[in-house]
Amino acid sequence: MESQPRKLLDQVRDAIRRKHSSLRTEEAYVDWVRRFIRFHGKRHPQEMDVPEIEAFLTHLAVHEHIAASTQNQALNALLFLYREVLRIELEASSGRAVRSPLDPAIITPDAHD
C-alpha cells in the first residue's frame, strides 16, 4: 500500500522541526504560507515565483498596513518554503521591508509651557 505524499503545510512543519525552531516560528511560518496560497487563489507555490511573492508582500504593506518587521517575517517564511521544502532557489531582489526612519523629537523645557 502506497502512502500518500505529505500535504505541503505538513512538509513545512516537518522542515521547521528538523531545524529545531520554536513552536511560535512554526505557527507563524505555516500561517504565512497558508495566507500566501490563499492570496493567490490556492495555487501551489511551485507554480509561482518572485512576482507572486512581491505581489503578496505589496498587498500586506499597502492594503493591510503590516509593519516592516512583520513583512520581513512573511518573506522569511516564504523563502524557507521555497528553499527548504520545495528546494527551489529564487532569484529575488532583497525584498526586505525597511522601517520608516523615526523623527526624533527633542523636547526642551520651553516646550512644556
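By the count of the numbering used here, the sequence shown reaches residue 1112 at its end, each step adding exactly one.
Where is the CB? At the ideal position from N, CA and C, for every residue including glycine.
Small disclaimer: the values here were computed from a predicted structure and weren't measured.
- Excluding the 5 residues flanking it on each side, Phe-1055 has same chain C-beta neighbours closer than 6 Å at Phe-1035 and Phe-1038, in chain order.
- In terms of Cβ geometry, Trp-1031 and Gln-1072 form a close pair [threshold 8 Å].
- Of the residues assessed, Leu-1089 falls on the exposed side of the cut-off, its CB having fewer than 16 other CB atoms within 10 angstroms.
- 8 Å or more divides the Cβ of Ala-1060 from the Cβ of Tyr-1028.
- Closest option to Lys-1041, judged by alpha-carbon separation, among Val-1084, Leu-1007, Leu-1085 and Arg-1082: Leu-1007.
- Looking from the CA of Leu-1080, the closest CA among Ala-1067, Ile-1065, Ala-1066 and His-1043 belongs to His-1043.
- Under the three-state reduction of DSSP, Glu-1063 is assigned to coil, being neither helix nor strand.
- A direct Cα-to-Cα measurement between Arg-1023 and Ala-1014 gives close to 14 Å.
- Approximately 5 Å separates the beta-carbon atoms of Val-1084 and Gln-1010; this is inside 8 Å, confirming the contact.
- Of the candidates Arg-1017, Leu-1078, Arg-1016 and Arg-1086, Leu-1078 places its Cα closest to the Cα of Val-1049.
- In the three-state DSSP reduction, Ile-1036 falls in the helix class (H, G or I).
- A Cβ-Cβ distance of about 6 Å is found for the pair Glu-1025 and Arg-1012, placing them in contact under the 8 Å criterion.
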